[in-house]
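**Student:** In this note's numbering, the protein residues as written are 379 to 1224. Here a beta-carbon is modelled for each residue, glycine too, at the ideal position from N, C-alpha and C. Below: one structure in C-alpha cells.
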Amino acid sequence: MTAPERYNVKEAESRWQKAWDEKRCFAATEDAARPKFYALAMFPYPSGKLHMGHVRNYSLSDVVARFKRAQGFNVLNPMGWDAFGLPAENAALERGVHPQKWTLENISVMKSQLKSMGLAIDWSREVTTCLPDYYKHEQKFFLDFLKAGLAYRKESMVNWDPVDNCVLANEQVVDGKGWRSGAPVERRTLKQWFLKITDFADDLLDGLKQLDGWPEKVRLMQENWIGKSQGLRLRFDIVNAEGREIEIFTTRPDTLFGASFVALAPDHPLSLELAEKNEGVKDFIAACRKLGTSEATLEKAEKNGFDTGLEVRHPFVKNKTLQVFIANFVLMDYGTGAIFGCPAHDQRDLDFARKYGLPVQPVVIPPDADPCAFTVENEAYAGPGHLCHSDFLNGLSISAAKAEVVRRIAQMNKGEGTTLYRLRDWGVSRQRYWGCPVPVIHCPACGVVAVPEKDLPVTLPDDVDFSKPGNPIARHPTWKNVKCPTCGKDAERETDTFDTFFESSWYQFRYTDAHNKERGFDKAKADYWAPVDQYIGGVEHAVMHLLYARFFTRALKKCGYVSCEEPFTALFTQGMVTHMSYKDEDGKWIYPDEIEKRPDGALARKSDGTPVTAARVEKMSKSKKNTVDPVEIISAYGADAARLFILSDSPPERDLEWTEAGIDGAWKYVGRLWRLALNADFGGAPSKEDEPMKRKIHVTIRDMTQDLEKFHFNKAVAKLRELSNALEAFKGDGKILRDGLETFVKLMSPVMPHLAEELWAQLGHKTMAVDEKWPEADPALCASDSVTMAIQVNGRLRATVTLPRGMEKQAAEEAALAEEAVQKAMEGKAPKKIIVVPDRIINVVV
RNA sequence: GCGGGCGUGGCGGAAUUGGCAGACGCGCUGGAUUUAGGUUCCAGUGCCGCAAGGCGUGUGGGUUCAAGUCCCUCCGCCCGCACCA
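The following block contains the structure:
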C-alpha cells in the first residue's frame, strides 16, 4: 500500500475537532420548540491525569449525546471539575504546592486531554467547584437550609490523629493508625454541621419506586442504606436502681423470650456515666475508641464486651434478669445505642454469647422442626418459623408475635412500636482547608450567626501554611477574626469547610446556567433542562453521591430553587477498567510498557531481560502499576480507535479488560473502514444481492437504534461490523452500495465521530456527518419471507430447514418429518407428540 | 460482619428472556499477495473422536417436550459501608 492511502489519524482528528469547535456544534441553548435531552457524565476530580475510567465514562456519555442529537433532541452535554478535596492538600503537604495552583494546573492538563477525545461537549458551560463563582452559591444554599431548619450542629465522632492533631478520613486510617504519623487513631467527638437528610428518609425511599430508569441494584442499595425498619423501643428496668431504665431498640421483638443479655454502645450515655466511677469501664471504652469510625472495621472486629455488673428485669418473665454489657459492636448512631441480645437468632449476638458463656435459647423454630429437639450451635437461625419456649407467644408466626409483644409492652407503658431508619443525617463539616467555607460566624454573645448574604462569598485565604500539622485554615493568623454581624463585637469565623459531596450535589443545576453571577442558576433555565435525562458514572457512587444529590434537589425545591424532586431520571453505572498486573523477579509491581514478549512467549523486562510474571487481571491502579495512559493510547491509535475498543469489548455495565490486542484490533478496523470508503466502486449493476443488502441495511438501522437505546453498545458495534462486512463483500447495484455506506457512516458516527466525518467527506459531501439525521428503518424492508427452523428429536437438534415465514403448524410438522436426518433419529418409532413454535423450532418427541 | 453484583470456547463477549449455545471481535492454524514501514486478503477454528457420534454455559441436584435462561445447594471473584472521590 502506498503512503497516501493511509489514514492520517492525528491530522484528521484534530482537524475535525477544530471544525466542530468553530461551528459551535455542541453549544446548547434553550429551545422550547425542540425536545430537550440532558446527558450528564459524572464530573472528574482533577487528579492531574486522565485515566481509562474517565475515557470509558465520557465515551459512553458521548455516544448518548451524539445519538440523541442525531435523533433531533436539543442536547445538553456539559463538563466540569469536582475540584475540592484531599489530594490537593496532600500535594501541598508533600511537595509544597499550593492546593489552588496544583488543582488549576491539573485542570488545564486534563482539559486538553479530554479535548483530544473529540467529545460533543458544550465547553462554554464548564464549571470549577473550587472557585468562588461556584461555591458562593452553595454558601447561599446553606444559609437557606439553615433558615429552613435543614442544617444544624451536633456532636459526632471523628478519627483523631493525636500526633498530627488533625481529623483523619477513613482512608487515612491504616490498620488503626494515622497514615502519616503512624500514631494509633482515636475516636473523638466534635461539634459539626449536619444536613437533615433524615427528614426526607421516607420521601427518598418512595421516590425510588418512580426511578425506573435506574438500575435495580442501585435502587436496592439505596433502599438498604435508608434501611427503614419497624421495631420496638423497649425500656428495661435496671435492678436495684429505682426508676432507672435502659431503652433499647429491636427489630425482633418476637425473640424477647430468648433474650440473654443487654448491650450498650461504648459511647452510650450510661456507659460514659459508668466510666466515671469504674476504671475497667473507662479502659474498655478507650479500647473501643481505638477502632476508629468505619462501620466495616467495627463489624469485622472481634466481638468484645465488658460486664457492667448491672442487671435489668425481663418485662415478661418474673424474676428473670439480664446482664448488661458494653459491647463494641453496638452502634451509638443507630436506634437508641442499646440492644437486647437474642443469641439463637442473631449471629453477632451468638458469637458474643458463646464468648461470654451466656445462655442460648431458641424461641423461633423452622416450620417443621421439633421444639424439643431444635438447638442452635454455632449458627444463629434467622429464617421463618413459629414461636416456642415463649409463654403466650407459643405457636404464633414471627409477625404475629412481633405485634403481640409490641401491644403488651405498650400496654405496660414500657415502650412502643417505632419506625426507624438506618440513614443518618449528613455530616458536612470537614476540618480541612481545601473545601468551601461554611458561611457562619461564632459570636461569644450571639452564638452562631449566619454570614449576611451581602458578605458572600466567604472565600478561602490564599496565604496558608502547610508546614505544621492540623487544619491550616483554623490556625490562620487573621482570617477567622471578624466582627459579629449582629452585635459588632469580636467574633470568629467557622473554620470547617464542606464535604466535597456538597459541590457534586447541585452541579447538575449549575450547568444549566453556568455563568449566572447573581444566583446559583436561573429557575427557568434549570426547569428547562433538569432533570438530567441520562446520568452516567461509576457504581461506586451508587449510594452516597446519588443519595446526597437526590436529597439536595429536594432541599433546593423546598427553598424554591427548582421544580423537580429527582435530579436524575435515568442512571447508568459503568464497570471498572481492569488490566493485567505484572511482577518482576523480586515480586515488585512493574508497568506493562516496561515489558516485552519474547519469541517463545515468555515475558521479560525490556531494560535487562529479567523474567516477569503476569499476576492477575484487576482494577487499574497506580499502586499495582497496571495502568495504561489514555494520552499515549490516543496519540498512538487515535481517539476513535480508543473509543471503539472501549465500547465494543465489554457490555458497559461490566468490567472492561484493557488489552493491547484489543486496541490493536480496533485500530485495524479504523483503517479497514477508511479503505472501504476509499475503494468503493459505485458503478455496480443491479444483482440478486441487492434485496438482501437492502434488508441488511435496514435491519442494522433497526437493531442498532435499539441497542443504543438500551446501552448495548458492544452489540451495536457488532452490528456495525456485520454491516461493514456485508458492504465489503457486496457486488450489486452501486446506488445501494452508496446508500449502505452513507447509512453506515451515520450509524458509526456516535462511536467514531472523527472517522465518520472523514468518510462522509470521502463520499463527496460538503456537509458534516455530525449534522446528519439518524436514519430510520423501513419495517417493510426488514422482513424476509423465509425462516430457518431447527428440528429436534427428543430435544436434540437433528436438522434445520428453511421454510416460508408464518407457516401453518401442520405443514411445518410435515416438513420436519420429511427430513432424512429426522427419520433416522426417530429410528422408525411413531411420534408421541410434536411441539411447533412458529418460525422457531419443531421438537418431535418419540 | 452487613449490603450489592458477577461467573458461557484459549480470550472479550452474543443468545429475540424457556426454543438451533458460541453472533461480532481478539488470538491461533493453513494459504495468497506484498515483502521492511504497527501490512492486507481468503479459508478454518467450543472440546473429545478417523468417523458415526458424544460432551459442553463455575459445582451438585431439580422442574420441563425443551434450561446459559426457572427453583434449590455449594464454590470462586469483585464492589460499597457514611471524612477518598
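Quick check: the Cα distance between Asp1217 and Thr1180, rounded to an integer number of angstroms?
**Tutor:** 10 Å
**Student:** Buried or exposed for Lys446, going by 16 or more other Cβ atoms inside 10 Å?
**Tutor:** Buried, because 16 or more other Cβ atoms sit within 10 Å of the Cβ of Lys446.
**Student:** What does DSSP give as the partner residue(s) for Phe684 in the beta ladder?
**Tutor:** Ile704
**Student:** Under the rule that 16 or more other beta-carbon atoms within 10 Å means buried, what is Lys681, buried or exposed?
**Tutor:** Its Cβ being crowded by 16 or more others within 10 Å, Lys681 is buried.
**Student:** Taking the CB atoms as reference points, tell me whether Phe635 and Ser768 lie closer together than 9 Å.
**Tutor:** yes
**Student:** Buried or exposed: where does Cys865 fall if 16 or more other Cβ atoms within 10 Å of its Cβ makes it buried?
**Tutor:** exposed
**Student:** Going by C-alpha to C-alpha distance, which of Leu676, Tyr385, Ala1017 sits closest to Lys493?
**Tutor:** Ala1017
**Student:** So Ile819 packs on Glu896, CB below 8 Å; how close in whole Å?
**Tutor:** Not confirmed; about 23 Å, so no contact.
**Student:** With the cut-off set at 9 Å, would you say Leu1119 and Leu1054 are in Cβ contact?
**Tutor:** Leu1119 places its beta carbon less than 9 Å from that of Leu1054.
**Student:** Compute the Euclidean distance between the alpha carbons of Pro1070 and Phe421, then round it to the nearest angstrom.
**Tutor:** 45 Å
**Student:** Look at the alpha carbon of Pro817 and the alpha carbon of Phe519, and state the distance between them as a whole number of angstroms.
**Tutor:** Distance between the alpha carbons of Pro817 and Phe519 is about 10 Å.
**Student:** Measuring only the C-alpha atoms, how far is Ile968 from Val829?
**Tutor:** 52 Å
**Student:** Out of curiosity, what's the CA-to-CA distance linking Ala980 and Met958?
**Tutor:** 15 Å
**Student:** For Asp1043, which residues in the same chain have their Cβ closer than 8 Å to its Cβ, ignoring the five residues on either side in sequence?
**Tutor:** It is Gly, not Asp, that sits at residue 1043 in the sequence shown. Phe1023, listed in sequence order.
**Student:** Please name the residue in Asp905, Val806, Phe899 whose C-alpha comes closest to that of Asp874.
**Tutor:** Val806
**Student:** What does the alpha-carbon distance come out to for the pair Gln600 and Lys587?
**Tutor:** For Gln600 and Lys587, the gap between their C-alpha atoms comes out near 11 Å.
**Student:** I'd like to check one pair, Pro863 with Asp911: are the Cβ atoms closer than 9 Å?
**Tutor:** No, the pair does not count as a contact, with Cβ atoms beyond the cut-off.
**Student:** If distances are taken between C-alpha atoms only, which option among Gly670, Glu389, Ala1039 comes closest to Ser534?
**Tutor:** Proximity to Ser534 across Gly670, Glu389, Ala1039 peaks at Gly670, based on C-alpha coordinates.
**Student:** Spatial neighbours of Val921 within its chain, please: C-beta separation below 7 Å, excluding the five flanking residues on both sides.
**Tutor:** Take Val921, set aside five residues on each side of it, and the residues of its chain with a beta-carbon closer than 7 Å to its own are Met599, Gln600, Trp603, in chain order.
**Student:** Taking Leu1101 as the reference, give the member of Thr878, His1076, Phe627, Arg384 with the closest Cα.
**Tutor:** His1076
**Student:** Classify Ala448: buried if its beta carbon has 16 or more other beta carbons within 10 angstroms, exposed otherwise.
**Tutor:** Result: buried.
**Student:** Indicate the three-state DSSP secondary structure (helix, strand or coil) for Met1185 in the structure shown.
**Tutor:** coil
**Student:** CB-CB under 6 Å to Leu1086, same chain, minus the five flanking residues each way: which ones, in chain order?
**Tutor:** Hits under 6 Å: Phe445, Ala1094.
**Student:** Ala529 and Lys569: beta carbons closer than 9 Å?
**Tutor:** no
**Student:** Tell me, which residues are paired with His854 by DSSP?
**Tutor:** Paired residue(s): none; His854 is not in a bridge.
**Student:** Assuming contact is defined by CB atoms lying nearer than 9 Å, are Gly953 and Val990 in contact in what I supplied?
**Tutor:** no
**Student:** Taking 8 Å as the threshold, find out whether the region 919-939 comes into contact with the region 883-891 through three or more Cβ pairs.
**Tutor:** The region 919-939 makes contact with the region 883-891, as at least three CB pairs between them are under 8 Å.
**Student:** So, under 8 Å CB-CB, Asn1221 and Gln1188 are touching, yes? Tell me the CB distance rounded to an integer number of Å.
**Tutor:** About 16 Å separates the two Cβ atoms, so there is no contact after all.
**Student:** What's the gap between the Cα of Pro1209 and the Cα of Val1215?
**Tutor:** Taking the straight line joining both Cα atoms gives about 17 Å.
**Student:** Is Arg1174 helix, strand or coil when you go by DSSP?
**Tutor:** strand
**Student:** So, with DSSP's three-state summary, where would you put Met1167?
**Tutor:** If DSSP states are grouped into helix, strand and coil, Met1167 belongs with the strands.
**Student:** Which ranges would you report for the beta strand (DSSP E) in the region 949-1019 if only whole runs of at least 3 residues count?
**Tutor:** 949-952, 955-961, 973-975, 981-983, 991-997
**Student:** Could you tell me the alpha carbon to alpha carbon distance between Tyr734 and Val695, rounded to whole angstroms?
**Tutor:** 22 Å
**Student:** Determine the DSSP secondary structure at Leu509, reduced to helix, strand or coil.
**Tutor:** coil
**Student:** Is it buried or exposed, Arg473, if we count other Cβ atoms within 10 angstroms and call 16 or more buried?
**Tutor:** Exposed.
**Student:** Identify every run of the alpha helix (DSSP H) within the region 639-677, keeping only runs that are complete inside it and at least 4 residues long; order them along the chain.
**Tutor:** 647-655, 657-667
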